[in-house]
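Numbering (UniProt numbering), first residue to last: 1 to 394.
Glycine included, each C-beta is placed from N, C-alpha and C at the ideal position.
Down below is the structure, laid out as structure tokens.
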Ligand SMILES: *Cc1c(COP(=O)(O)O)cnc(C)c1O
Ligand SMILES: [Zn+2]
């Protein structure tokens, strides 16, 4: 395994762990899969589905060989995350306009969001380095997840959360796990910038999506979905776009599966942003060479209320590789989709519903064909964020 700068390709494998290359680029974990026997792995992944108490019972560590093969088991910090439901939703077919819709309920993770898939790996890596002080900037779910794993590992979590526009449920969950919360008079983006500039002096290990180990862990979402479908991948995978960790990890995970012959083609990917926080969509749509940050992001989908996205170059590369697209949806479209998802018995928080709203929009505009199949990733739990609910649903 190597740690390589995504931009200038410098090799930082032998340097002390950091988050940004001298050129400003983010790092990427690069595995050497040359010696991997795909057939044997596929059998092992199937056998591990019957495990209950070992690390391989986790929906992340089941795939350890593709995520972090070198990590000694003693450092693995797991709550058997992943193992989330994949639901065929008949009730959403008419609404979205495609013949088959699957919902991957990452909301069923132990802290209630997909952040657990990545966090288990980041915290395990931090332990292997002997780090005791873990930190993140968060709109609420990253902090809940980090707080949970830090407590499990016996480490201290410091979370930087905006003063406004954050779900109080997530704040209370984070506090309950024993984390220290620092409320900042700014946005998620200000929190990230603060950590990037000060982590070294403060001795903090940063668990945001600039951390390449978060991305490695989150690849397991698509491994698990593909395994559930007997390695037959849907035509489209739809993810929400906040800080773009879903988009980036999905691209990397799909690439692994394709390179190793688990799937025979790459599906197309759609990244859905909320209109009031959609700098990535505007960059792609407008063919801009770089991302122009949104200084005052504003959406009811608080988990996606992010204006400056450090991982945009990685996400852009993923889109061109998968011939993917971006789309933005309004808060009204998000809430309408959420109501249907909730009433279908699956349920999710607003940011997750953006995927179904986006799928509907892409089908209506003929970018997605009614004859195609789609998998929407539901990122967060129905209990996470009720700010929007009472106004809308009565
Ligand atoms: C973090 C989060 C998002 C945004 O995901 P990214 O990977 O940062 O783009 C979307 N929905 C929920 C529920 C989240 O917690
Ligand atoms: Zn570099």
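- Residue 193 and residue 137 have their C-alpha atoms roughly 9 Å apart.
- Collapsing the DSSP output to three states places residue 213 in a helix.
- DSSP assignment within the segment 220 to 255 yields the following whole alpha helix (DSSP H) runs of 4 residues or more, N-terminal first: 220 to 228.
- Scanning its chain for C-beta atoms nearer than 8 Å, with the 5 sequence neighbours on each side dropped, one finds around residue 300 the residues 274, 331, 334, 335, 350, 387, 388, in chain order.
- The three-state secondary structure of residue 301, taken from DSSP, is coil.
- Note on residue 259: under 16 other CB atoms within 10 angstroms of its CB, so exposed under the neighbour-count rule.
- Proximity of the beta carbon of residue 108 to ligand 2 is not indicated: no heavy atom of the ligand is located closer than 7 Å.
- With distances taken between CA atoms, residue 220 lies nearest to 109 out of 93, 303, 109.
- When Cβ pairs closer than 8 Å are counted between the two stretches, the segment 22 to 33 is seen not to touch the segment 180 to 200, the count staying below three.
- Contact between the segment 278 to 286 and the segment 248 to 257 is not established, with fewer than three Cβ pairs separated by less than 8 Å.
- Here residue 240 has 246, 272, 304, 351, 352, 354, 355, 379 as same chain residues with Cβ atoms under 7 Å from its own Cβ, once five neighbours each way along the sequence are excluded.
- In the displayed model, residue 319 falls within a helix according to three-state DSSP.
- Between the alpha carbons of residue 229 and residue 201 lies a gap of roughly 47 Å.
- Distance from the CA atom of residue 343 to the CA atom of residue 148, rounded to whole angstroms, is 29 Å.
- Residue 141 has its Cβ nearer than 7 Å to a heavy atom of ligand 1.
- For residue 183, the enclosing beta strand (DSSP E) covers residues 180 to 184.
- In this structure, residue 172 has its CB at a distance of at least 7 Å from all heavy atoms of ligand 1.
- Per the DSSP secondary-structure output, residue 272 pairs in a beta bridge with 240, 327.
- For residue 170, the enclosing alpha helix (DSSP H) stretches over residues 168 to 176.
- Judged by the Cβ position, residue 209 qualifies as a neighbour of ligand 1 at the 7 Å threshold, a heavy atom of the ligand being closer than this.
- About 39 Å separates the beta carbons of residue 370 and residue 30, which is beyond the 8 Å limit, so they are not a contact pair.
- With fewer than 16 other CB atoms across the displayed protein chains lying within 10 angstroms of its CB, residue 287 is exposed.
- Residue 196 has its Cβ no nearer than 7 Å to any heavy atom of ligand 2.
- Look at residue 246: its beta carbon is less than 7 Å from one of the heavy atoms in ligand 1.
- Two segments are said to touch when three or more pairs of C-beta atoms, one from each, lie closer than 8 Å; by this definition the segment 205 to 215 does not touch the segment 173 to 181.
- Taking the Cβ atoms as the reference, residue 223 lies roughly 7 Å from residue 257, within the contact range of under 8 Å.
- Residue 206 carries a strand assignment under DSSP once its states are collapsed to helix, strand and coil.
- By the Cβ-count criterion, residue 77 is buried, with 16 or more other Cβ atoms from all chains shown falling within 10 Å of its own Cβ.
- In the structure shown, the three-state DSSP call for residue 267 is coil.
- Within the segment 36 to 116, the runs of alpha helix (DSSP H) at least 4 residues long that lie entirely inside it are, in chain order, 38 to 47, 64 to 67, 91 to 96.
- Each of 120, 84, 163, 68 was checked against the Cα of residue 140, and the nearest Cα belongs to 163.
- Apart from sequence neighbours up to five positions away, the residues of its chain that approach residue 308 with a beta-carbon distance below 7 Å are 189, 293, ordered along the chain.
- Our two residues, residue 217 and residue 81, have alpha carbons roughly 10 Å apart in a direct line.
- Cβ-Cβ separation between residue 48 and residue 62: approximately 5 Å, consistent with a contact (criterion under 8 Å).
- The beta carbon of residue 360 lies closer than 8 Å to those of 95, 96, 97, 333, 337 in the same chain, with the five residues before and after it left out.
- Between residue 383 and residue 169 the beta-carbon gap is near 7 Å, inside 8 Å, which marks them as a contact.
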